[in-house]
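**Q** Structure provided below as structure tokens; questions to follow.
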Amino acid sequence: FENPIPKFEVQLASPYKEKGDKYPFKPNPKAKWPMIGSLKLDGLRVICEVIVDEGEVNFLTRTGNPITSLDHLKPAILERGRLSGFNHIFFDGEGTAGTFNQSVSAL
Numbered sequence: 025f026e027n028p029i030p031k032f033e034v035q036l037a038s039p040y041k042e043k044g045d046k047y048p049f050k051p052n053p054k055a056k057w058p059m060i061g062s063l064k065l066d067g068l069r070v071i072c073e074v075i076v077d078e079g080e081v082n083f084l085t086r087t088g089n090p091i092t093s094l095d096h097l098k099p100a101i102l103e104r105g106r107l108s109g110f111n112h113i114f115f116d117g118e119g120t121a122g123t124f125n126q127s128v129s130a131l
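Quick note on this note's numbering: the sequence shown kicks off at 25 and runs consecutively.
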């Protein structure tokens, strides 16, 4: 089998002071408006893989390790996958439960 497991890399945030001062804002001609942004949450990265026709939902860390504490969310995520119209999709988000330490304990 050639490339049986899809490979992708997640984007990571960096502090503004680390890079922002070095690279002043320049308009991006490829940017499409309107755009959506959000504040950085202090939790753990959660990647959710959904394979609709197999009824499969996998929660993973950014390095690909399984997260089993979120299994109770699988039915709702699978339904969202069905509504998307795609068979194999990924959701990328942040798992939070209050403070960072509470998030680590919960996940």
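Every residue, glycine too, gets a C-beta built ideally from N, C-alpha and C.
Considering only residues of the same chain and omitting the five flanking positions on each side of Ile101, which have a CB-CB separation below 8 Å?
**A** Here residue 101 corresponds to residue number 77 of the sequence shown, with the count starting at 1. Answer for Ile101: Cys72, Val74, Val81, Phe115, listed in chain order.
**Q** Just the Cα atoms here: how many angstroms apart are Asp66 and Lys54?
**A** For the purposes of this step, residue 66 is taken as the residue at position 42 of the sequence shown. For the purposes of this step, residue 54 is taken as the residue at position 30 of the sequence shown. Those two C-alpha atoms are separated by around 30 Å.
**Q** Which one or two residues does DSSP pair with Asp116 in a beta bridge?
**A** Within the sequence shown, numbered from 1, the residue matching residue 116 stands at position 92. Answer by DSSP bridge pairing, in chain order: Ile71.
**Q** What residues match up with Asn125 in a beta bridge as DSSP calls it?
**A** Within the sequence shown, numbered from 1, the residue matching residue 125 stands at position 101. For Asn125, DSSP assigns no beta-bridge partner whatsoever.
**Q** Measure from the C-beta of Pro58 to each C-beta in chain D and report whether the shortest distance is under 8 Å.
**A** Going by chain labels, chain D is absent from the structure shown, which holds only one protein chain.
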